[in-house]
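Contents: one structure, followed by commentary.
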Amino acid sequence: MKNILITGGTGFIGSNLAAALVRRGYSVSVLHRTSSDTSRINGLNVRHCLGDVLDAQGLRAHVRGHDTVFHAAAMISFWKPRHAAMFDVNENGTRSVVDACLAEGVERLVHTSSIAAIGYPAVQGATADEASPYNWQNRNNGYKESKRRAESEVMNGVRRGLNAVIVNPGVVIGPGDTAFNGGAIIRTVAHGLALFYPAGGMNVVYVNDVVEGMIAAALRGAPGERYILGGENLTHRQAFTITAQITGNRPPFLRLPLFGVTFGARLFDLWGALTHREPMLTSELVSGAGLFNWYSSDKAARDLGYTVTPFRDAVRQTYEWYKDNHLV
């Protein structure tokens with residue numbers, strides 16, 4: 014691994030990956046659109062490649078000359094009006110990356126997927142792993158389906174001779190999450206708005222752990238394998254309580270019934286339909302409400318040497334970064 018191309022390198026995970034690779038002395042190129050916000054990689058010694066994963070011919074030219082590609086470009090949305098664009102980027106964009114890597118003889122592709130592409134535990138309170146079958150079909154979640162299809166494109170490439178591995182991060186928090194995807198819980202608690210907590214649980218991982226796991230997957234991952242890069246498995250109540258302790262705010266005191274979560278999401282759906290703007294809460298976003306979305310990273314620990322930062326430490330470091338950058 015010498016010359017590396019990162020798609021989505023201006024994003025949350027991609028920019029942290031770029032910084033880590035530069036620190037190690039690798040030659041790093043970042044593929045991004047002309048309209049991309051490059052503030053996360055300002056000052057990094059990287060080569061900027063202006064392009065788009067949906068431009069198949071242009072993508073080949075950018076891939077050419079790189080021995081390793083980290084595919085981290087993706088679109089996240091839990092709103093049905095954005096499904097077409099999301100599937101285009103996540104599914105068709107991944108197909109373009111796979112085809113370009115095959116055509117240009119790339120030695121290794123690392124595809125950034127998500128635990129969203131893996132089934133939730135069949136027995137609640139247990140943990141799912143890489144072999145757990147996808148079982149989100151009846152929960153109407155477009156994002157999860159788009160990530161499942163993206164993985165299928167990678168595996169099709171593997172069958173055609175591509176040396177590719179897949180990594181599946183949990184809910185990621187850490188410096189650089191300016192979109193407040195995983196960091197939404199920290200912002201909510203820091204602003205004193207966490208009055209209730211939902212049933213169920215989640216797997217939360219620090220971005221630095223994900224980056225280290227991605228690099229290890231590139232160096233040591235077995236072709237055609239997927240690796241869950243997760244963190245601690247916590248109930249939502251535990252996650253909110255620990256976050257409140259770190260931010261100095263009151264933890265939520267009442268569990269919100271499932272019907273309250275789904276009813277509230279439907280109201281936001283209606284608001285989105287009326288305003289034509291994606292709401293902060295949607296029925297898709299809460300499609301897994303009440304479930305214990307817990308996952309095991311044992312395979313990554315065994316095969317890649319993957320380690321996990323405790324949730325408390327991850328929240329503390331993320332919160333400090335938010336404060337330093339006046340985001341909370």
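In our numbering, the protein residues as written are 14 to 341. Note that CB positions come from ideal geometry on N, CA and C, so glycine has one too.
{"Asked": "Test item: CB-CB of N55 and V220 under 8 angstroms", "Found": "no"}
{"Asked": "As assigned by DSSP and simplified to three states, the class of N16", "Found": "strand"}
{"Asked": "Whole-Å CB distance - R77 paired with A231, under 8 angstroms assumed", "Found": "So it is not a contact: roughly 19 angstroms between Cβ atoms."}
{"Asked": "Alpha-carbon to alpha-carbon, S309 and A203", "Found": "29 angstroms"}
{"Asked": "heavy atom of the ligand ATP below 7 angstroms from G196 C-beta", "Found": "Absence of the ligand ATP is noted for the structure shown, with no ligands found whatsoever."}
{"Asked": "Uninterrupted beta strand (DSSP E) stretches inside the region 148 to 218 (no shorter than 3 residues)", "Found": "177 to 182, 184 to 186 and 209 to 211"}
{"Asked": "Complete runs of the beta strand (DSSP E) confined to the region 75 to 132 [at least 3 residues]", "Found": "81 to 84 and 121 to 125"}
{"Asked": "Span of the beta strand (DSSP E), counted from its first residue to its last, around I241", "Found": "R239 to L242"}
{"Asked": "P211, buried or exposed, once every other Cβ within 10 Å from all chains shown has been counted against 16", "Found": "buried"}
{"Asked": "Residue burial classification, A74 (beta-carbon count within 10 angstroms, cutoff 16)", "Found": "exposed"}
{"Asked": "Between the CA atoms of R315 and G132 - distance to the nearest angstrom", "Found": "21 angstroms"}
{"Asked": "Residues bridged to N246 (per DSSP)", "Found": "N216"}
{"Asked": "Backbone secondary structure at S28 - three-state DSSP", "Found": "helix"}
{"Asked": "Where M293 falls, given that 16 or more other Cβ within 10 Å makes a residue buried", "Found": "exposed"}
{"Asked": "Between the CA atoms of F305 and Q137 - distance to the nearest angstrom", "Found": "6 angstroms"}
{"Asked": "Chain D within 8 angstroms of I198, Cβ atoms only", "Found": "Absent here is chain D; the protein component of the structure consists of one chain."}
{"Asked": "Cβ-based neighbour list, R233, same chain, cut-off 6 angstroms, excluding 5 preceding and 5 following", "Found": "L317"}
{"Asked": "Cross-strand partners of S40 (DSSP beta bridge)", "Found": "N16"}
{"Asked": "First and last residue of the uninterrupted alpha helix (DSSP H) at L283", "Found": "L271 to T288"}
{"Asked": "Buried/exposed call for H79, threshold 16 Cβ in 10 Å", "Found": "buried"}
{"Asked": "Identified DSSP bridge partners for Q137", "Found": "A139"}
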